[in-house]
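Undergrad: Just so we're aligned, residue 1 is where the sequence shown starts under my numbering, counting upward by one.
Quick one: this structure, given as structure tokens, is what I'll be asking you about.
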Amino acid sequence: MLKSEFVTLVIAGVIASFAFYEYEQKQTEQSTTSQHQSDHTIQAERVGKAPDFANIQNTKQKKQAFFEFLKPGIALENQRIEKERKRLEKIASAFKEGSVTSEQLSYAQRLSKLYNVEMSLNGIDQEWLNTMLHRVDVLPAALVLVQAANESAWGTSRFATQANNYFGQWCYSKGCGLVPLKRKDGMSHEVAKFNSVQQSIYGYFMNVNRNNAYQALREIRYQRHLSGKSLTDTDAAIALTEGLTKYSERGEAYVNDLKAMIRHNRAFWEQPSTQQ
1 MLKSEFVTLV
11 IAGVIASFAF
21 YEYEQKQTEQ
31 STTSQHQSDH
41 TIQAERVGKA
51 PDFANIQNTK
61 QKKQAFFEFL
71 KPGIALENQR
81 IEKERKRLEK
91 IASAFKEGSV
101 TSEQLSYAQR
111 LSKLYNVEMS
121 LNGIDQEWLN
131 TMLHRVDVLP
141 AALVLVQAAN
151 ESAWGTSRFA
161 TQANNYFGQW
171 CYSKGCGLVP
181 LKRKDGMSHE
191 VAKFNSVQQS
201 IYGYFMNVNR
211 NNAYQALREI
221 RYQRHLSGKS
231 LTDTDAAIAL
241 TEGLTKYSER
251 GEAYVNDLKA
261 MIRHNRAFWE
271 QPSTQQ
């Protein structure tokens, strides 16, 4: 996959934010074992070692195994973000009332660093809140699943099997990842290496939620939020692809591929409603 310069991910930044991430994940795992099980009762948990997808010959079985492997890890990231957003919304309400506590300010400062949003010397203001409310929000599982499938060749690419990299994230420090076999002369990037598949999922979420290249996606999501539309169903996934033209040098063609993959594979994450 030809990557755009905008898809780059500074892995040092991801690792640096991982301490706060680990704390948030522990809190999430302790308090959300059954609270957010609406997504077809998917158990949210860190994913382990990936299956050998290349040895699964049946296409349908390979897709099923791939999606089922990633779903719990995606659900866990979304649960973490849901918790962050709820606390952020409470801070927004307190700011409106002029009653932000020292504890809320401390949390806001930590969250600000995690999402790369500078806070003014005067502390929380409306501009900061607006930016944060655009960034701290969930992503449709269907979108994440399909991008992972597209970028990792259904978990069989060298970058997926040797670097736990399912989303094509780049890094720029020598030795930070794997050198692409077809890297052009004069290019210095590597494909980032992650300690685990879960860390790769986390890196993807933070890339999409922080990178300036994906402001359009975040605006689409924000407007859906304001209008009360779902942020997690298949329609949301299709809508948000419009904000990913800069994820690949292929631009609109890449977006069209994602849309086609979402529509073609929707049966793997959608279940027919049952009569009560």
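Using N, Cα and C, we set each Cβ at its ideal position, and we do this for glycine too.
With three or more beta-carbon pairs closer than 8 Å as the criterion, would you say the stretch 49-64 touches the stretch 78-98?
TA: Cβ pair count under 8 Å is below three, so no.
Undergrad: For Thr234, which of Leu143, Ala148, Val179, Ile201 has the nearest alpha-carbon?
TA: Counted from its first residue, the sequence shown places residue 234 at position 234. Taking only the C-alpha atoms, the option nearest Thr234 is Leu143.
Undergrad: To the nearest whole angstrom, what separates the beta carbons of Tyr166 and Glu151, a pair I think is in contact under 8 Å?
TA: To locate residue 166, count along the sequence shown from 1; it is residue 166. To locate residue 151, count along the sequence shown from 1; it is residue 151. Correct: roughly 6 Å between the Cβ atoms.
Undergrad: Do Arg218 and Asn116 have their CB atoms nearer than 7 Å?
TA: By 1-based counting over the sequence shown, the position of residue 218 is 218. By 1-based counting over the sequence shown, the position of residue 116 is 116. Taking 7 Å as the Cβ cut-off, Arg218 and Asn116 do not qualify as a contacting pair.
Undergrad: Give the straight-line distance between the Cα atoms of Lys90 and Ala163, rounded to the nearest whole angstrom.
TA: For the purposes of this step, residue 90 is taken as residue 90 along the sequence shown, with counting starting at 1. For the purposes of this step, residue 163 is taken as residue 163 along the sequence shown, with counting starting at 1. Going by the C-alpha atoms only, they are around 38 Å apart.
Undergrad: What first and last residue would you give for the alpha helix (DSSP H) that runs through Ala216?
TA: In the sequence shown, the residue the question calls residue 216 occupies position 216. Run containing Ala216: 215-226, per the alpha helix (DSSP H) assignment.
Undergrad: Assuming Ala50 and Gly155 are in contact, meaning their beta carbons sit under 8 Å apart, how far apart are those beta carbons, in whole angstroms?
TA: Numbered from 1 along the sequence shown, position 50 holds the residue referred to as residue 50. Numbered from 1 along the sequence shown, position 155 holds the residue referred to as residue 155. That belief holds up - the Cβ atoms of Ala50 and Gly155 are roughly 6 Å apart, short of 8 Å.
Undergrad: Mind checking which residues open and close the beta strand (DSSP E) that includes Glu190?
TA: Translated into the one-based positions of the sequence shown, residue 190 becomes position 190. Counting along the chain, the beta strand (DSSP E) containing Glu190 begins and ends at 190-192.
Undergrad: If you measure between the beta carbons of Thr241 and Leu258, is that distance less than 7 Å?
TA: Here residue 241 refers to the residue found at position 241 when the sequence shown is read from its first residue. Here residue 258 refers to the residue found at position 258 when the sequence shown is read from its first residue. Yes, the Cβ-Cβ distance between Thr241 and Leu258 is below 7 Å.
Undergrad: Per DSSP, what kind of secondary structure is Gly203 in: helix, strand or coil?
TA: Position 203 of the sequence shown, counted from the first residue, corresponds to residue 203. Residue state, collapsed to three classes: helix.
Undergrad: How is the alpha helix (DSSP H) around Phe67 delimited, first residue to last?
TA: Stepping through the sequence shown from its first residue, residue 67 is reached at position 67. Start and end: 59-97.
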